[in-house]
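Offset between the sequence shown (1-based) and this note's numbering: plus 96.
Right, one structure below, let's go through it.
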Amino acid sequence: MAEATTAHALRRALTRADAGKTLSVGEIEALLTARGSDLQRLMSLASHLRELGHGRSVTYSRKVFIPLTMLCRDHCHYCTFAKPPAKLERPFLSPEEVVAIAEAGRRLGCKEALFTLGDRPEERYPVARAWLQERGYRSTLEYVRAAAIRVIEETGLLPHLNPGVMSYEEMARLKQVAPSMGMMLETSSDRLSERGGPHFGSPDKVPAVRLRVIEDAGRLSIPFTTGILVGIGETLAERAASLLAIRELHRRYRHVQEVIVQNFRAKPGTAMQDAPEPGDEEFLATVATTRLVFGPRMHVQAPPNLSDPEQQGRLLDAGIDDWGGVSPLTPDHVNPERPWPAIDVLTRRTAERGLELRERLTIYPEFALRPDPFLAGKMRAPVAALMGPDGLAQEGRVPQPVGWQDPEVAWKPRSTELTFAKVSGAGL
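Written as structure tokens, this is what we have:
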């Protein structure tokens, strides 16, 4: 009886999705159960929506991955990116190392510098705090800002910042040095932060905290990338609720430029090394459902290196329109055991589906072509230098260093009279 009820709910949800109706959390949950012929119908709907919104184009960003620090104050049970100080030569990459990575990428035609790092390591590790203080930084995020400026100044690559949880004020400052930022919601389920869950002991993975960051990005008009992590112990209802939480914030602020659907991969040496990974059909159903939840215009990505080669084409069938950042130089430091496919391989896989692979910038055309209020003033010239008339990356364009003067250095008093009055009033 329960199986018949589930099948009925799925077919009803498919019918409503086909008619373009807004889906409820229960209907989204039903779509996530699609398998076999129902999954094929779901994927067909998703692929059709993708073509309505993006035609035959599929995008990617040619990037370098800059792991500014692998120290982190959190204890995610599936992560191998974060490491204790004893396993690292030094707490942070130096500015010179950051620029060297970016410059090597520039020579290969990369246009994005992805900054990924652990959350606020200085609050857990004295060695991180000391390293920052010795160099005049009060926090990791202050160093992120300085490193992003160096990359722009010396290479012209566009920073995409993924530094974890930030305050409103911190994001406002970082907006001045990056066209886009990102942070995965992963899940909206508080249950997964309880003892025994994958996020227990990780204060930065509390859903309310991450949802606040995504909302603050909207309040600040920051082009923002977010998404869900599939298969870390969440129920289908929780997975559906996570998608709806992102959709609600995007509807309010119109700032989410891309939704990533990332499949969990078990890693040796972690607490979840024996946890089951989502099956191929389960993951395809989640990708296709995400397309239906967000509609034709949203950009939907599934990382190609986290799926086996024979599965990559089916991700296109399920409605993705973006492969994400792909590096010809640096590994995926979050998933080092899963190398990125070569760009010519992605080009071929995309063409096999009758689609065309196009290079984009870290900021999507919808935001780059109408920079107010999404792009800070000082970021407009670096973006324009690499952008074609359609808002995607200009073919054959190699980034060049961009002059930069920090607005704080350029500050001047509004009038000499005001300055004199203040000095005189001080009795000097």
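Ideal Cβ placement from N, Cα and C applies to all residues, glycine included.
Small disclaimer: the values here were computed from a predicted structure and weren't measured.
Check: Can you give the Cα-Cα distance for residue 451 and residue 198, rounded to whole angstroms?
Finding: On the sequence shown, residue 451 is found 355 positions in, with the first residue counted as 1. On the sequence shown, residue 198 is found 102 positions in, with the first residue counted as 1. Rounded to the nearest angstrom, the gap between the Cα atoms of residue 451 and residue 198 is 30 Å.
Margin query: So the candidates are 385, 134, 166 and 190; which of them puts its Cα closest to the Cα of residue 184?
Written below: In the sequence shown, residue 184 corresponds to position 88, counting from 1. The shortest Cα separation from residue 184 among 385, 134, 166 and 190 belongs to 166.
Item checked: Cβ contact check for the segment 389–401 and the segment 140–159: 3 or more pairs under 8 Å -> yes
Notebook entry, point to check: Within 10 angstroms of its Cβ, does residue 146 collect 16 or more other Cβ (buried), or is it exposed?
Noted result: The residue given as residue 146 occupies position 50 in the sequence shown. When all chains shown are included, residue 146 counts as buried.
Check: Does DSSP put residue 431 in a helix, in a strand, or in coil?
Finding: Within the sequence shown, numbered from 1, the residue matching residue 431 stands at position 335. The answer is coil: DSSP assigns residue 431 none of H, G, I, E or B.
Checklist line | Sequence-distant residues of the same chain with beta carbon closer than 8 Å to residue 307, five excluded per side | finding: Here residue 307 corresponds to residue number 211 of the sequence shown, with the count starting at 1. Cβ neighbours of residue 307 beyond the five flanking positions: 281, 284, 341 and 345.
Checklist line | Minimum C-alpha distance to residue 304 - residue among 288, 292 and 316 | finding: In the sequence shown, residue 304 corresponds to position 208, counting from 1. The option with the nearest alpha carbon to residue 304 is 288.
Check: To the nearest angstrom, how far is it from the Cα of residue 246 to the Cα of residue 299?
Finding: Here residue 246 is taken as the residue at index 150 of the sequence shown, counted from 1. Here residue 299 is taken as the residue at index 203 of the sequence shown, counted from 1. Rounded to whole angstroms, residue 246 to residue 299 spans 31 Å at the Cα level.
Next item on the list: Drop a sphere of 10 angstroms on the beta-carbon of residue 117, count the other beta-carbons inside from all chains shown, and report buried for 16 or more, exposed for fewer.
Entry: Within the sequence shown, the letter at position 21 stands for residue 117. Burial call: exposed.
Checklist line | Whether residue 364 touches residue 327 by CB criterion (8 Å) | finding: Mapped onto the sequence shown, residue 364 falls at position 268. Mapped onto the sequence shown, residue 327 falls at position 231. No.
Margin query: Just verifying my parser: in three-state terms, what is the DSSP assignment at residue 419?
Written below: What you label residue 419 is simply residue 323 of the sequence shown in a count that begins at 1. Residue state, collapsed to three classes: strand.
Item checked: Bounding residues of the beta strand (DSSP E) (the contiguous stretch that carries residue 354) -> Mapped onto the sequence shown, residue 354 falls at position 258. Segment 352–359, the beta strand (DSSP E) holding residue 354.
Check: How long is the line joining the alpha carbons of residue 311 and residue 160, rounded to whole angstroms?
Finding: Stepping through the sequence shown from its first residue, residue 311 is reached at position 215. Stepping through the sequence shown from its first residue, residue 160 is reached at position 64. Distance between the alpha carbons of residue 311 and residue 160 is about 27 Å.
Notebook entry, point to check: Between residue 250 and the rest of its own chain, which residues show a CB-CB distance below 6 Å, the 5 nearest in sequence each way excluded?
Noted result: To locate residue 250, count along the sequence shown from 1; it is residue 154. These residues qualify, in order along the chain: 195 and 497.
Checklist line | Of the listed residues 336, 104 and 393, nearest to residue 418 (C-alpha basis) | finding: Taking the sequence shown and counting its residues from 1, the one referred to as residue 418 is at position 322. Of 336, 104 and 393, the residue nearest in Cα terms is 393.
Next item on the list: Give every residue of the same chain whose Cβ lies closer than 8 Å to the Cβ of residue 476, excluding the five residues on either side of it in the sequence, and list them in chain order.
Entry: By 1-based counting over the sequence shown, the position of residue 476 is 380. Within the same chain, residue 476 has close Cβ partners 467.
Notebook entry, point to check: If you compare alpha carbons, which of 421, 457, 443 and 297 is closest to residue 172?
Noted result: Here residue 172 corresponds to residue number 76 of the sequence shown, with the count starting at 1. Nearest option by C-alpha distance: 297.
Next item on the list: Find the nearest neighbour of residue 415 within the set 187, 316, 391 and 428, judged by alpha-carbon distance.
Entry: What you label residue 415 is simply residue 319 of the sequence shown in a count that begins at 1. Out of 187, 316, 391 and 428, 391 has the C-alpha closest to the C-alpha of residue 415.
Notebook entry, point to check: Any idea which residues DSSP pairs residue 157 with across the strands?
Noted result: Taking the sequence shown and counting its residues from 1, the one referred to as residue 157 is at position 61. Beta-bridge pairing links residue 157 to 421.
Item checked: For residue 209, the three-state DSSP class (helix, strand or coil) -> As a working note, residue 209 is residue 113 in the sequence shown. Note: residue 209 maps to strand in three-state DSSP.
Item checked: Same chain, Cβ closer than 8 Å to residue 112, five either side skipped, listed in chain order -> On the sequence shown, position 16 is the one that residue 112 refers to. Counting only residues of its own chain and dropping the five nearest sequence neighbours on each side, residue 112 has a CB closer than 8 Å to the CB of 119 and 123.
Check: Considering only the beta carbon of each residue, do residue 220 and residue 169 sit closer than 8 Å?
Finding: Mapped onto the sequence shown, residue 220 falls at position 124. Mapped onto the sequence shown, residue 169 falls at position 73. Going by C-beta atoms, residue 220 is nearer than 8 Å to residue 169.
Check: Between residue 376 and the rest of its own chain, which residues show a CB-CB distance below 7 Å, the 5 nearest in sequence each way excluded?
Finding: Residue 376 sits at position 280 when you count from the first residue of the sequence shown. 407.
Notebook entry, point to check: Does the segment 262–273 come close enough to the segment 236–243 that 3 or more CB-CB pairs lie under 8 Å?
Noted result: yes
Note to self: Buried or exposed for residue 430, going by 16 or more other Cβ atoms inside 10 Å?
What the structure shows: If you number the sequence shown from 1, residue 430 lands on position 334. It is buried - the Cβ of residue 430 has at least 16 other Cβ atoms within 10 Å.
Notebook entry, point to check: Quick one: complete alpha helix (DSSP H) runs, 4+ long, within the segment 337–401?
Noted result: 376–390
Check: Going by the CB atoms, is the gap between residue 224 and residue 218 shorter than 8 Å?
Finding: The sequence position of residue 218 within the sequence shown is 122, counting from 1. The sequence position of residue 224 within the sequence shown is 128, counting from 1. Yes; because the gap between Cβ atoms is below 8 Å, this pair is in contact.
Next item on the list: Determine the contact status of residue 279 and residue 318, defining contact as a CB-CB distance below 8 Å.
Entry: In the sequence shown, residue 279 corresponds to position 183, counting from 1. In the sequence shown, residue 318 corresponds to position 222, counting from 1. Contact flag unset, no.
Note to self: Helix, strand or coil for residue 201? Go by DSSP, reduced to three states.
What the structure shows: Position 105 of the sequence shown holds residue 201. DSSP, reduced to helix, strand and coil, places residue 201 within a helical segment of the structure shown.
Notebook entry, point to check: Using the C-alpha atoms, what's the distance from residue 252 back to residue 132?
Noted result: Translated into the one-based positions of the sequence shown, residue 132 becomes position 36. Translated into the one-based positions of the sequence shown, residue 252 becomes position 156. Distance between the alpha carbons of residue 132 and residue 252 is about 48 Å.
Check: What is the residue span of the beta strand (DSSP E) that residue 277 lies within?
Finding: Translated into positions along the sequence shown, residue 277 becomes position 181. Segment 276–278, the beta strand (DSSP E) holding residue 277.
Notebook entry, point to check: Do the CB positions of residue 494 and residue 205 come within less than 8 Å of each other?
Noted result: As a position in the sequence shown, residue 494 is number 398, starting the count at 1. As a position in the sequence shown, residue 205 is number 109, starting the count at 1. Taking 8 Å as the Cβ cut-off, residue 494 and residue 205 qualify as a contacting pair.
Next item on the list: Give the secondary structure of residue 113 by DSSP, where H, G and I count as helix, E and B as strand, and everything else as coil.
Entry: Position 17 of the sequence shown, counted from the first residue, corresponds to residue 113. Helix, per DSSP.
Notebook entry, point to check: Among all the DSSP beta bridges, which residues are the ones paired with residue 256?
Noted result: If you number the sequence shown from 1, residue 256 lands on position 160. Paired residue(s): 210 and 276.
Note to self: Assuming contact is defined by CB atoms lying nearer than 8 Å, are residue 489 and residue 465 in contact in what I supplied?
What the structure shows: One-based indexing of the sequence shown puts residue 489 at position 393. One-based indexing of the sequence shown puts residue 465 at position 369. Against a cut-off of 8 Å, the Cβ pair of residue 465 and residue 489 comes out as no contact.
Check: What is the DSSP secondary structure of residue 220, reduced to helix, strand or coil?
Finding: Position 124 of the sequence shown holds residue 220. In the structure shown, residue 220 sits in coil (DSSP, three-state: anything other than H, G, I, E or B).
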